[in-house]
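One structure is given below, encoded as structure tokens.
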Amino acid sequence: MELDEEFFPTLFQEEIPKAYELRVIFVHEKMWAGAIMSQSDPKTSLDWRNYNHEKPNRIVPYKLPSEVEEKIRKFAQLADLNAGAIDMIVSKDKRYVFLECNPNRQISMVSEKCNYPIEKYIADFLANA
């Protein structure tokens, strides 16, 4: 690839052959994860956010390995976050790859599709704070 001599600052990310993507919601010590099955659709195979409204991706509950949960807790502590939505890839060779953390906690996709009580957990936490 030939690049111009000057260009706007850009972040390039290595393409990782993925088995599926994860959206992990964390609120304090509690975590909920959903696996996004985006690989069977050419439109979403590179990035599920290139959403196909005619053929939506399946999102299923996912149990994170304890060592991945611990790394998320450590990240949240170091970043001084008490909640967030983390996007990850599980590679075809079973590596967990962190992509980003959205501190605005976009939770409805995982909560609704996986039937998780995330909103109730947050409401109960706030009511008892």
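Sequential numbering of the sequence shown, starting at 10, is according to our numbering.
Just so it is clear, CB atoms sit at the ideal spot from N, CA and C, and this is done for glycine as well.
- In terms of CA proximity to K64, S49 leads the group S49, V77, H37 and E76.
- For P126 and L108, the gap between their C-alpha atoms comes out near 25 Å.
- Take D89, set aside five residues on each side of it, and no residue of its chain has a beta-carbon closer than 7 Å to its own.
- Three or more pairs of CB atoms, one per stretch, sit closer than 8 Å, so the region 27–34 contacts the region 113–133.
- With respect to L73, A94 sits apart: the two C-beta atoms are not nearer than 8 Å.
- For K72, no beta strand (DSSP E) encloses it, and the DSSP letter there is neither H nor E.
- In the displayed model, L135 falls within a helix according to three-state DSSP.
- Look at Y130 here: in three-state DSSP terms it is helix.
- L12 carries a coil assignment under DSSP once its states are collapsed to helix, strand and coil.
- Counting along the chain, S120 sits inside the alpha helix (DSSP H) bounded by residues S117 to C123.
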